[in-house]
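Novice: My questions will all concern the structure given below.
Number of protein chains: 2
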Amino acid sequence: MAAKPGIPKGTRDFSPVEMAKRNYIFNTIRDVFHLFGYQQIETPSMENLSTLMGKYGDEGDKLLFKIQNSGDYFNGITDEELLSRNAVKLASKFCEKGLRYDLTVPFARYVVMHRDEISFPFKRYQIQPVWRADRPQKGRYREFYQCDADVVGSNSLLNEVELVQMIDRVFGKFGVRVSIKINNRKILTGIAEIIGEADKIVDITVAIDKLDKIGLENVNAELASKGIPQEAIDKLQPIILLSGSNEEKLETLKTVLATSEAGLKGVEESEFILKTVSALGVKSEVELDLTLARGLNYYTGAIFEVKALDVQIGSISGGGRYDNLTGVFGMDGMSGVGISFGADRIFDVLNQLDLYPKEAVNGTELLFVNFGDKEAAYCLPILTKVREAGVRAEIYPDASKMKKQMGYANDKQIPFVAIVGENEMNEGKLTLKNMTTGEQSLVTPDELLAVVKA
Amino acid sequence: MAAKPGIPKGTRDFSPVEMAKRNYIFNTIRDVFHLFGYQQIETPSMENLSTLMGKYGDEGDKLLFKIQNSGDYFNGITDEELLSRNAVKLASKFCEKGLRYDLTVPFARYVVMHRDEISFPFKRYQIQPVWRADRPQKGRYREFYQCDADVVGSNSLLNEVELVQMIDRVFGKFGVRVSIKINNRKILTGIAEIIGEADKIVDITVAIDKLDKIGLENVNAELASKGIPQEAIDKLQPIILLSGSNEEKLETLKTVLATSEAGLKGVEESEFILKTVSALGVKSEVELDLTLARGLNYYTGAIFEVKALDVQIGSISGGGRYDNLTGVFGMDGMSGVGISFGADRIFDVLNQLDLYPKEAVNGTELLFVNFGDKEAAYCLPILTKVREAGVRAEIYPDASKMKKQMGYANDKQIPFVAIVGENEMNEGKLTLKNMTTGEQSLVTPDELLAVVKA
Numbered sequence: 001m002a003a004k005p006g007i008p009k010g011t012r013d014f015s016p017v018e019m020a021k022r023n024y025i026f027n028t029i030r031d032v033f034h035l036f037g038y039q040q041i042e043t044p045s046m047e048n049l050s051t052l053m054g055k056y057g058d059e060g061d062k063l064l065f066k067i068q069n070s071g072d073y074f075n076g077i078t079d080e081e082l083l084s085r086n087a088v089k090l091a092s093k094f095c096e097k098g099l100r101y102d103l104t105v106p107f108a109r110y111v112v113m114h115r116d117e118i119s120f121p122f123k124r125y126q127i128q129p130v131w132r133a134d135r136p137q138k139g140r141y142r143e144f145y146q147c148d149a150d151v152v153g154s155n156s157l158l159n160e161v162e163l164v165q166m167i168d169r170v171f172g173k174f175g176v177r178v179s180i181k182i183n184n185r186k187i188l189t190g191i192a193e194i195i196g197e198a199d200k201i202v203d204i205t206v207a208i209d210k211l212d213k214i215g216l217e218n219v220n221a222e223l224a225s226k227g228i229p230q231e232a233i234d235k236l237q238p239i240i241l242l243s244g245s246n247e248e249k250l251e252t253l254k255t256v257l258a259t260s261e262a263g264l265k266g267v268e269e270s271e272f273i274l275k276t277v278s279a280l281g282v283k284s285e286v287e288l289d290l291t292l293a294r295g296l297n298y299y300t301g302a303i304f305e306v307k308a309l310d311v312q313i314g315s316i317s318g319g320g321r322y323d324n325l326t327g328v329f330g331m332d333g334m335s336g337v338g339i340s341f342g343a344d345r346i347f348d349v350l351n352q353l354d355l356y357p358k359e360a361v362n363g364t365e366l367l368f369v370n371f372g373d374k375e376a377a378y379c380l381p382i383l384t385k386v387r388e389a390g391v392r393a394e395i396y397p398d399a400s401k402m403k404k405q406m407g408y409a410n411d412k413q414i415p416f417v418a419i420v421g422e423n424e425m426n427e428g429k430l431t432l433k434n435m436t437t438g439e440q441s442l443v444t445p446d447e448l449l450a451v452v453k454a
Numbered sequence: 001m002a003a004k005p006g007i008p009k010g011t012r013d014f015s016p017v018e019m020a021k022r023n024y025i026f027n028t029i030r031d032v033f034h035l036f037g038y039q040q041i042e043t044p045s046m047e048n049l050s051t052l053m054g055k056y057g058d059e060g061d062k063l064l065f066k067i068q069n070s071g072d073y074f075n076g077i078t079d080e081e082l083l084s085r086n087a088v089k090l091a092s093k094f095c096e097k098g099l100r101y102d103l104t105v106p107f108a109r110y111v112v113m114h115r116d117e118i119s120f121p122f123k124r125y126q127i128q129p130v131w132r133a134d135r136p137q138k139g140r141y142r143e144f145y146q147c148d149a150d151v152v153g154s155n156s157l158l159n160e161v162e163l164v165q166m167i168d169r170v171f172g173k174f175g176v177r178v179s180i181k182i183n184n185r186k187i188l189t190g191i192a193e194i195i196g197e198a199d200k201i202v203d204i205t206v207a208i209d210k211l212d213k214i215g216l217e218n219v220n221a222e223l224a225s226k227g228i229p230q231e232a233i234d235k236l237q238p239i240i241l242l243s244g245s246n247e248e249k250l251e252t253l254k255t256v257l258a259t260s261e262a263g264l265k266g267v268e269e270s271e272f273i274l275k276t277v278s279a280l281g282v283k284s285e286v287e288l289d290l291t292l293a294r295g296l297n298y299y300t301g302a303i304f305e306v307k308a309l310d311v312q313i314g315s316i317s318g319g320g321r322y323d324n325l326t327g328v329f330g331m332d333g334m335s336g337v338g339i340s341f342g343a344d345r346i347f348d349v350l351n352q353l354d355l356y357p358k359e360a361v362n363g364t365e366l367l368f369v370n371f372g373d374k375e376a377a378y379c380l381p382i383l384t385k386v387r388e389a390g391v392r393a394e395i396y397p398d399a400s401k402m403k404k405q406m407g408y409a410n411d412k413q414i415p416f417v418a419i420v421g422e423n424e425m426n427e428g429k430l431t432l433k434n435m436t437t438g439e440q441s442l443v444t445p446d447e448l449l450a451v452v453k454a
């Protein structure tokens with residue numbers, strides 16, 4: 001007998017129920033993307049390694065899945081090189097292609113290749129799997145979907161406003177209460193400027209983030225332990241203790257950052273986004289949060305992050321503004337802003353809060369039990385008509401034992417079962433069983449349709 | 001400057017318009033799958049090579065994309081092995097994983113791994129890309145989507161009937177006239193039996209298929225040239241000349257195959273499928289076609305193939321009944337029947353016949369022109385309301401030149417544009433331009449919504 005098959009570690013099969021839930025998530029997000037004028041693209045799973053390498057740092061390069069060249073992959077490699085066993089160096093000889101690591105680099109590559117046919121500003125979304133040779137662990141997979149929306153070729157803050165509205169609408173549709181956190185890279189730059197410690201900005205945000213947990217004294221001690229001079233720590237006090245409404249925070253920052261051009265610009269941008277969003281009436285809480293420091297190497301303006309309020313889990317969505325998407329491919333000045341929805345975490349959140357609508361599962365609504373050839377022949381035209389009316393329906397294909405057929409209906413959570421034997425055929429009717437209530441009734445085909453569609 | 005980036009040969013980017021069309025195709029098929037009780041699964045892109053190797057013949061093994069092991073892939077390979085440069089043999093040392101080559105083997109693997117949680121008969125569909133290191137050529141790609149529906153764990157011919165109904169409904173929805181060809185492996189076995197030439201069945205079907213083109217004499221000559229004795233060719237005459245309605249063909253076959261148990265079984269199965277399908281009223285032409293010989297190594301009963309009637313192109317869908325899906329993984333007796341829709345060819349057919357409905361493109365319905373901050377601020381609440389009403393709408397994010405903004409509307413084929421300047425703001429109205437007719441009218445926000453939604 002063949003060995004029992006398995007799947008590579010860090011990968012997953014998605015069963016029908018999981019798929020239905022995932023489709024509900026992606027379709028909901030997709031509808032919002034369309035509502036805001038975003039258009040879908042897809043890029044190949046495989047990219048040339050020359051496109052991928054060097055874009056994610058040394059660590060990222062190691063995590064790329066590389067595809068062995070077809071045919072004689074030893075071609076062009078000397079014996080000496082082979083015996084050197086230099087896995088990193090020879091990878092580029094054995095392999096010309098790799099699996100995409102994220103959606104951003106392929107998007108940048110796409111924009112450069114298709115620049116002449118794209119009408120900018122280009123609002124694109126992309127929902128595709130990515131692959132990373134990470135050590136698999138709970139909640140971290142080697143293959144997972146990313147779900148990104150970006151608009152490139154526009155510096156307007158209206159794009160940031162729209163993205164906040166989109167986040168608000170997506171989670172509103174899901175019924176998940178979220179807090180949308182906003183920061184701005186320029187504010188962080190301003191803070192670094194006024195205290196003269198540009199390279200300590202991450203240490204500072206990490207320390208400030210602990211204020212609630214460890215208190216002001218300990219925050220200041222941590223800052224000192226990171227080598228930040230007392231004078232700078234003194235200047236940081238109003239920022240560490242920043243509180244109140246977004247408006248109050250912004251007013252404080254205007255004073256503190258008065259001498260930093262970048263800082264004031266960041267405050268102004270944040271003010272516009274927060275005011276406009278608030279005027280347009282989003283339902284989620286939107287909060288200026290200076291401790292938000294995701295993607296600092298990459299983001300140049302607004303930074304977003306979304307936290308679920310009723311589930312303990314990391315951020316379920318995030319993004320920001322960047323200045324130069326395509327510079328690595330020799331095309332400068334392509335700024336943009338984007339967000340990414342974390343499908344796996346959203347899946348977990350909706351599961352924990354039990355928020356999947358029943359319709360989302362898209363399953364069979366009506367099963368015809370099969371008692372034999374004659375009964376099946378009686379059912380088939382009715383089944384065909386029922387489907388014609390848009391009802392998802394099936395007949396159990398074999399005349400198996402009743403128990404097995406009802407078990408099938410239960411497993412597939414089919415809400416209605418039609419049963420046809422001698423009596424029903426003689427009367428031109430069917431017995432319709434409501435699987436939820438257990439109720440049974442003798443109905444005509446038209447009545448059956450009315451009940452099931454109700 | 002960095003080199004201009006490209007993509008691996010045989011792969012494709014899908015632009016927004018292509019994506020919208022592809023989504024229309026997949027969503028249409030998906031809806032039909034759901035209507036018939038099929039449920040979606042997804043399997044990982046990467047499978048263990050032990051799962052994939054040996055399933056597609058030697059040629060197929062060569063066409064698998066193999067993924068280089070992470071870390072030190074030289075581990076466990078001796079210097080002698082390296083210097084042997086045996087690319088085929090060492091591939092299994094360098095690589096443990098490969099990209100999926102089709103959806104059937106991963107499905108079989110899935111069924112074996114999840115047998116205890118599946119409620120049989122299991123009606124599953126799967127729409128995912130597959131990868132083959134084929135030589136790229138026109139219409140043949142190294143990455144392409146397959147779209148398969150199978151039901152396993154049931155021998156009932158009602159499954160075959162349903163699949164024909166599904167094919168009929170899918171192409172009916174597309175508006176593509178098709179001919180659904182049906183054959184049965186057992187009929188072909190019967191033919192081989194009565195003439196005593198079991199290994200010549202492919203030669204025979206190929207020769208018969210040429211009847212219309214080259215005439216009976218040449219068909220017989222070709223059969224003789226393939227080493228089929230005259231006596232056998234004589235017996236084949238009624239089969240070569242088989243014509244008339246499906247009923248007439250079946251009657252002839254009953255006589256010709258009278259001494260073959262398998263042959264008669266095949267006739268009986270075909271008769272049931274054709275009669276039942278016809279009684280249920282499919283719209284497509286359904287034809288018994290003995291020259292249909294796809295997947296003869298694999299199919300054991302019914303064989304299907306779908307041809308578009310109004311476009312010159314290969315089959316756009318096909319499938320059949322198989323006896324033992326999971327035997328290669330040590331689980332016997334799992335018979336099933338399935339069909340596969342050829343997405344790329346269907347895409348071409350719908351393009352050639354111009355059959356994409358306008359709604360399929362899902363694009364923006366209304367663009368607000370942006371004349372500046374004040375005008376944008378006036379538009380934003382209206383835009384928000386319009387979206388609230390389900391209209392896909394956007395505002396041009398920058399106050400660019402009118403020409404550029406109108407060009408954007410044209411490129412995205414946006415049917416309505418709202419223009420707001422001083423006058424409109426003073427009157428609390430908007431100028432709405434119908435981009436198809438060129439008509440302009442001054443409307444209130446409510447009137448705008450009514451026109452755009454109409």
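Top to bottom, those sequences are chains A and B. Here the first sequence is numbered in our numbering, starting from 1 and rising by one per residue. Here the second sequence is numbered in our numbering, starting from 1 and rising by one per residue. We treat Cβ as the ideally placed atom computed from N, Cα and C, and that holds for glycine. Small disclaimer: the values here were computed from a predicted structure and weren't measured.
In the DSSP assignment, what residue or residues form a beta bridge with A:Ile194?
Specialist: In DSSP, A:Ile194 forms no bridge with anything.
Novice: Quick one: using the 10 Å Cβ neighbour count with 16 as the cut-off for buried, is B:Thr189 buried or exposed?
Specialist: It counts as buried.
Novice: Going by DSSP, name the residue or residues bridged to B:Gln128.
Specialist: In the DSSP output, where bridge partners are listed per residue, B:Gln128 has B:Gln146.
Novice: Answer yes or no: does any C-beta atom of chain B fall closer than 8 Å to that of A:Glu459?
Specialist: Residue 459 of chain A cannot be examined here, being either before or after the span of chain A that is shown, 1 to 454.
Novice: On a CA-only basis, which of B:Ser340, B:Asn324, B:Phe272 is nearest B:Gln146? Give me that one, please.
Specialist: Checked all of B:Ser340, B:Asn324, B:Phe272; the closest Cα to B:Gln146 is B:Ser340.
Novice: What beta strand (DSSP E) runs, 3 residues minimum, are completely inside the segment 258-329 of chain B?
Specialist: Runs of the beta strand (DSSP E) inside the segment 258-329 of chain B: 285-288, 302-308, 317-322.
Novice: 8 Å is my cut-off, CB to CB: does A:Ile143 come that close to chain B?
Specialist: In the sequence under discussion, the amino acid at residue 143 of chain A is Glu, which differs from the Ile named in the question. At least one chain B Cβ lies under 8 Å of A:Glu143.
Novice: So for B:Gln40, helix, strand or coil by DSSP?
Specialist: DSSP places B:Gln40 in strand when its eight states are reduced to three.
Novice: Give a yes or no on whether 8 Å exceeds the smallest Cβ distance from B:Lys97 to chain A.
Specialist: Output row for B:Lys97: interface = yes.
Novice: If you drop the 5 nearest sequence neighbours on each side, which residues of the same chain put their C-beta closer than 6 Å to that of A:Lys181?
Specialist: Within the same chain, A:Lys181 has close Cβ partners Glu287, Asp289, Leu292, Glu305.
Novice: Give the DSSP-derived three-state secondary structure of B:Met1 in the structure shown.
Specialist: Low confidence applies here, because B:Met1 scores a pLDDT of 45, under 50, leaving its location unreliable and the question unanswered by this model.
Novice: For a test of the three-state rule: what should DSSP assign to A:Leu448, helix, strand or coil?
Specialist: Helix.
Novice: For A:Ile273, collect the residues of the same chain with a Cβ closer than 8 Å to its Cβ; drop the 5 residues on either side in sequence, then sort them by chain order.
Specialist: Within the same chain, A:Ile273 has close Cβ partners Leu157, Glu160, Val161, Val164, Ile182, Ala302.
Novice: Is any beta-carbon of chain B found at less than 8 Å from that of A:Ile7?
Specialist: Interface residue, yes.
Novice: Give me, in chain order, the residues of the same chain whose beta-carbon lies closer than 8 Å to that of B:Met1; leave out the 5 immediate sequence neighbours on both sides.
Specialist: In this prediction, B:Met1 scores a pLDDT of 45, lower than 50, which makes its location untrustworthy; the coordinate-derived value is nonetheless stated afterwards. Closer than 8 Å at Cβ, skipping near neighbours: no residue.
Novice: Using a 10 Å radius around the Cβ and a threshold of 16 neighbouring Cβ atoms, would you call B:Leu442 buried or exposed?
Specialist: That one is exposed.
Novice: Does the beta carbon of A:Gly37 sit closer than 8 Å to a beta carbon anywhere in chain B?
Specialist: Yes, A:Gly37 counts as interfacial toward chain B.
Novice: Out of B:Arg387, B:Leu432, B:Ser119, which one is the CA nearest neighbour of B:Thr37?
Specialist: Checking the displayed sequence, the identity of residue 37 of chain B turns out to be Gly instead of Thr. Out of B:Arg387, B:Leu432, B:Ser119, B:Ser119 has the C-alpha closest to the C-alpha of B:Gly37.
Novice: Considering only their Cβ atoms, is the gap separating A:Ser50 from A:Lys99 smaller than 8 Å?
Specialist: Reading off the sequence, residue 99 of chain A comes out as Leu, not Lys. No. Outside cutoff.
Novice: Hey, which unbroken runs of the alpha helix (DSSP H) at 4 residues or more fall wholly within the segment 72-145 of chain A?
Specialist: Here the runs fully enclosed are 79-84, 87-94, 104-113.
Novice: Measure from the C-beta of B:Glu222 to each C-beta in chain A and report whether the shortest distance is under 8 Å.
Specialist: No, because no Cβ of chain A sits closer than 8 Å to the Cβ of B:Glu222.
Novice: Is it the case that the Cβ atoms of A:Arg22 and A:Phe14 are separated by a distance below 8 Å?
Specialist: Cβ distance < 8 Å, so A:Arg22 and A:Phe14 count as in contact.
Novice: Check B:Glu439 in the structure and name its three-state DSSP category.
Specialist: Coil.
Novice: Below 8 Å between beta carbons: does that hold for B:Ile242 and B:Leu223?
Specialist: In the sequence as presented, Ile is not what sits at residue 242 of chain B; that position holds Leu. No, Cβ-Cβ distance for B:Leu242 and B:Leu223 is not below 8 Å.
Novice: Can you pull the chain B neighbours of A:Val112, defined as C-beta to C-beta under 8 Å?
Specialist: In chain order: Lys4, Pro5.
Novice: Run through chain B and tell me which residues come within less than 8 Å of A:Pro16, C-beta to C-beta.
Specialist: Neighbours of A:Pro16 on chain B, chain order: Gln39, Gln40, Ile41, Arg124.
Novice: How is B:Met425 classed by DSSP in three states: helix, strand or coil?
Specialist: If DSSP states are grouped into helix, strand and coil, B:Met425 belongs with the helices.
Novice: So, is the C-beta of A:Gln68 closer than 8 Å to a C-beta in chain B?
Specialist: Output row for A:Gln68: interface = yes.
Novice: Where does B:Phe65 fall in DSSP's three states?
Specialist: Note: B:Phe65 maps to coil in three-state DSSP.
Novice: Quick check: the Cα distance between A:Lys275 and A:Asn184, rounded to an integer number of angstroms?
Specialist: A:Lys275 and A:Asn184: Cα-Cα distance of roughly 15 Å.
Novice: Looking at C-alpha atoms only, which residue of B:Arg132, B:Gln137, B:Glu143, B:Lys123 is the closest neighbour of B:Ala149?
Specialist: Looking at the Cα atoms, B:Lys123 is the closest of the given residues.
Novice: Label B:Val514 either buried or exposed according to how many other C-beta atoms from any shown protein chain fall within 10 Å of its C-beta, with 16 as the threshold for buried.
Specialist: Given that chain B is displayed from residue 1 to residue 454, the structure contains no residue 514 of chain B and the question cannot be resolved.
Novice: Which residues, in order along the segment 369-388 of chain A, keep a beta-carbon less than 7 Å from a beta-carbon of chain D?
Specialist: Included in the structure are the protein chains A and B, with no chain D among them.
Novice: If I'm right that B:Glu365 touches B:Ala409 with Cβ under 8 Å, what's the distance once you round it to whole angstroms?
Specialist: Wrong, their Cβ atoms sit about 11 Å apart, outside the cutoff.
Novice: Alpha carbon to alpha carbon, how far is B:Ile414 from A:Lys385? Give it in angstroms, no decimals.
Specialist: Roughly 38 Å separates the two Cα atoms.
Novice: Can you round the beta-carbon distance between B:Val152 and B:Val111 to whole angstroms, since I take them to be within the 8 Å contact cut?
Specialist: With 8 Å as the limit, B:Val152 and B:Val111 qualify as a contact, their Cβ atoms being about 6 Å apart.
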